[in-house]
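Visitor: Residue 1313 is where the sequence shown starts when you use the numbering used here, and the numbers rise one by one after that.
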Amino acid sequence: MEGRFHYYEGYDMKEVTFPERVMYELGIKTLFVSNASGGMNPEFKIGDLMIITDHINFFPEHPLRGKNFPTGPRFPDMHEPYDKQLIAQADAIAREKGIRVMHGVYVGVQGPTFETPAEYAMYHRLGGDAVGMSTVPEVIVARHCGIKVFGVSIITDLGLEGQPVEVSHEEVQVAANKAQPLMTEIMREMIKRN
Ligand code: HPA
């Protein structure tokens, strides 16, 4: 896809996750997702790639709310939202290519405001390593469809405790565009090997 539908743009969750429903009907078995996010883990640097190992859903509406789609159970298991084998493979490729990759938990929030210092601190204490405004709804629907998921988050800004800094959409875009080729390199190689 070129871009996505964001909840903050005013789309409802059925619209945000419609592409995953279509891709499921087209027969995809694996979904690769990517996003930009604010890093809260003090080991992270701007421009880092964070392989998403898990997520925390902070969206105010659940994408599976309502009548259950027959693609999966009413109460879907989420014990491995991001495929461990794909993560291991990405790690191996990154090592081979000398690309620095971090691991972490992605917190999905509605936006469109970036976080206040207290919000970054809270999400970090709750177990998040990075926070962003997308991805979680799509991943939930993909998993409900039995689609394996691999996700990478580009750390485009930092929300570190005690170090509040201004964040702008422009700097997010600049950092994302810079790191994107490395992410693409890993994903291309994964596609080749799967
Ligand atoms: N917060 C939320 N969403 C984001 C951020 C952030 O700091 N950076 C990029 N997307």
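Glycine included, every Cβ here is placed at the ideal spot set by N, Cα and C.
Measure the beta-carbon distance from M1390 to D1441 and round it to whole angstroms, keeping in mind my assumption that it falls under 8 Å.
Guide: Not quite, the Cβ-Cβ distance comes to about 18 Å (not below 8 Å), so this is no contact.
Visitor: Who does D1366 pair with in a DSSP beta bridge?
Guide: V1417, per the DSSP bridge assignment.
Visitor: What is the DSSP secondary structure of F1381, counted as helix, strand or coil?
Guide: Here F1381 sits in coil by DSSP.
Visitor: Quick one: which unbroken beta strand (DSSP E) runs of 3-plus residues sit fully inside the stretch 1388-1461? Chain order, please.
Guide: Those beta strand (DSSP E) runs which fall completely within the stretch 1388-1461 and span 3+ residues are 1413-1420 and 1442-1444.
Visitor: Apply the 10 Å Cβ neighbour rule to V1334 and answer buried if 16 or more other Cβ atoms are within range, or exposed otherwise.
Guide: By the neighbour-count rule (16 or more Cβ atoms within 10 Å), V1334 is not buried but exposed.
Visitor: Identify the residues that DSSP records as bridge partners of G1351: which are they?
Guide: Bridge partners of G1351: A1442 and L1470.
Visitor: Would you tell me roughly how many angstroms separate the C-alpha atoms of R1455 and R1412, rounded to the nearest one?
Guide: Their backbone Cα atoms lie some 28 Å apart in a straight line.
Visitor: According to DSSP, G1463 sits in a beta bridge with which residue or residues?
Guide: Note: G1463 sits in a beta bridge opposite V1345.
Visitor: Run the Cβ filter for me: residues under 7 Å from any heavy atom of the ligand FMN, listed in the order they occur in the chain.
Guide: Among the ligands present in this structure, namely the ligand HPA, the ligand FMN is not found.
Visitor: Under the DSSP definition of a beta bridge, which residues are partnered with L1361?
Guide: DSSP lists V1413 and I1466 as partners of L1361.
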